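Structure, as structure tokens:
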Ligand code: DGY
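Below, the structure written as structure tokens:
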């Protein structure tokens with residue numbers, strides 16, 4: 078097939094599905110096995126090139142589970158179509174690596190994995206916020222380096238979150254969950270920017286403010302601001318959660334970083350190219366009180382020169398969704414997308430409730446197909 082190793086599973090299946098990376102758990106394989114698929118899994122951790130994936134598709138392939146690190150565009154969808162393919166699923170909720178228009182052109186459904194990453198990713202954004210605010214990585218290195226010679230009033234001072242202002246850019250599933258964690262956990266006031274008001278979030282914060290007041294505590298607030306700039310200027314912590322597209326590429330640039338408070342915290346668990354990483358390095362170099370928590374990078378897996386030398390930046394390797402429950406859930410949803418389409422099932426339409434797919438009797442539907450209407454798939458009716 079090609080130089081990378083591929084492991085065959087359920088060899089007696091009649092439909093051929095390729096999976097471009099090893100996935101966690103076992104349930105995903107049962108789902109594909111039940112749908113009469115034989116599965117070939119690439120066991121190499123290396124990122125596959127378009128040519129390698131094309132070679133793996135070969136002249137017979139019914140479906141693919143691919144990764145956010147791969148460029149799924151016209152070449153691969155044409156190859157999949159020519160090989161008799163009928164389904165593609167990304168193993169991710171984000172699908173900026175997929176040219177959905179090209180997939181639609183070839184009549185190929187594109188699946189993704191919403192609903193199982195929300196809390197996990199928001200929790201990582203909280204973790205990065207506090208790692209940055211309380212200088213956890215610097216402090217850890219300090220201890221390991223043998224520099225701790227006794228308690229000092231001024232040692233490694235950080236920022237108190239309670240009662241300060243958290244800013245969220247992009248108040249969708251993950252952004253609004255992070256916002257709630259910060260407001261309800263640390264009694265922060267919330268400002269957010271999103272093209273659409275998030276009424277549920279606003280009502281939740283208002284309800285929490287009423288609860289606090291009933292206990293004689295200060296209320297918290299939630300304000301939707303009319304620009305990214307307004308959020309950057311007023312927040313003590315800003316967490317980025319917009320979808321990556323041409324309108325949000327380098328949304329955070331030198332000029333906008335210049336609007337932020339001297340000792341603000343910036344967190345990115347969304348997509349790297351939302352931040353101009355060179356501008357961020359320059360800003361952190363000249364603003365030592367400014368702190369950053371990054372899970373994603375502009376040119377992953379590479380980092381911009383200078384980033385890794387900065388004490389005021391906490392960096393982790395795109396692991397915000399990396400809990401066992403979530404990664405196994407993503408595998409189940411991606412498998413159910415492919416198996417569902419290959420079995421001729423309709424498409425689940427309640428994106429707010431994807432959890433039935435994790436149970437032992439999942440609905441007979443493909444959980445999430447982003448171009449379902451465009452490729453003419455039917456919606457699931459109970
Ligand atoms: C996604 O699913 O889009 C995430 O980035 C994976 O962690």
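Residue numbers (the working numbering): 78 to 459.
Ideal placement from N, C-alpha and C gives every residue a C-beta, glycine not left out.
Here the structure is a predicted model, which is why all the values come from computation and not from measurement.
Check: From 122, 92, 97, 231, residue whose alpha carbon lies closest to that of residue 110; Outcome: 92
Check: Residue 162 at chain B interface by Cβ criterion, 9 Å; Outcome: No chain B is present in this structure, which holds just one protein chain.
Check: Environment of residue 223 [buried if 16+ CB atoms lie within 10 Å]; Outcome: exposed
Check: Stretch-stretch touch, CB-based, cutoff 8 Å, three pairs: the stretch 312-327 with the stretch 241-260; Outcome: yes
Check: The stretch 139-158 contacting the stretch 179-190, beta-carbon criterion three pairs below 8 Å; Outcome: yes
Check: Beta-carbon separation (whole angstroms), residue 197 vs residue 363, contact threshold 8 Å; Outcome: That pair is no contact at about 34 Å.
Check: By C-beta, the residues closer than 5 Å to any heavy atom of the ligand DGY, given in chain order; Outcome: 169, 170, 171, 398
Check: Candidates 371, 405, 233, of which the one nearest residue 352 by Cα; Outcome: 371
Check: Residue 311 in three-state terms, based on DSSP; Outcome: helix
Check: Range covered by the beta strand (DSSP E) that runs through residue 369; Outcome: 368-371
Check: Proximity to residue 212 [Cα-Cα], best of 290, 229, 233; Outcome: 233
Check: Contact check, residue 297 vs residue 330, beta carbons under 9 Å; Outcome: no
Check: Rounded distance between the beta-carbons of residue 137 and residue 161, thought under 8 Å; Outcome: 6 Å
Check: Candidates 406, 283, 207, 278, of which the one nearest residue 250 by Cα; Outcome: 278
Check: Contact check, residue 104 vs residue 139, beta carbons under 9 Å; Outcome: no
Check: Member of 80, 86, 194 whose CA lies at the smallest distance from the CA of residue 396; Outcome: 194
Check: Sub-9 Å separation of residue 192 and residue 431 beta-carbons; Outcome: yes
Check: Buried versus exposed, by CB contacts within 10 Å (16 or more), residue 303; Outcome: exposed
Check: Assumed close pair residue 174, residue 445 - CB separation to whole angstroms, cut-off 8 Å; Outcome: Residue 174 to residue 445, Cβ: 16 Å. No contact.
Check: Whole-angstrom distance between residue 121 and residue 388, CA atom to CA atom; Outcome: 33 Å
Check: Distance between residue 80 and residue 271 (C-alpha atoms, nearest Å); Outcome: 45 Å
Check: Same chain, Cβ closer than 8 Å to residue 216, five either side skipped, listed in chain order; Outcome: 233
Check: Inter-residue spacing [alpha-carbon to alpha-carbon] between residue 441 and residue 129; Outcome: 33 Å
Check: Beta-carbon proximity list for residue 90, same chain, < 6 Å, skipping 5 on both sides; Outcome: 113, 114, 115
Check: Helix, strand or coil at residue 138 [DSSP, three-state]; Outcome: coil
Check: Straight-line gap, residue 291 to residue 282 (C-alpha atoms, nearest Å); Outcome: 14 Å
Check: Through-space distance from residue 100 to residue 419, alpha-carbon basis; Outcome: 20 Å
Check: 9 Å Cβ cutoff met for residue 149 and residue 176; Outcome: yes
Check: DSSP state of residue 171 mapped onto helix, strand, coil; Outcome: coil
Check: Buried versus exposed, by CB contacts within 10 Å (16 or more), residue 354; Outcome: buried
Check: Separation of residue 225 from residue 143, as counted between CA atoms; Outcome: 47 Å
Check: Outcome for residue 126 when other beta-carbon atoms lying within 10 angstroms are tallied against a minimum of 16; Outcome: exposed
Check: Buried versus exposed, by CB contacts within 10 Å (16 or more), residue 368; Outcome: buried
Check: Nearest candidate by alpha-carbon position, reference residue 448, set 423, 439, 429; Outcome: 423
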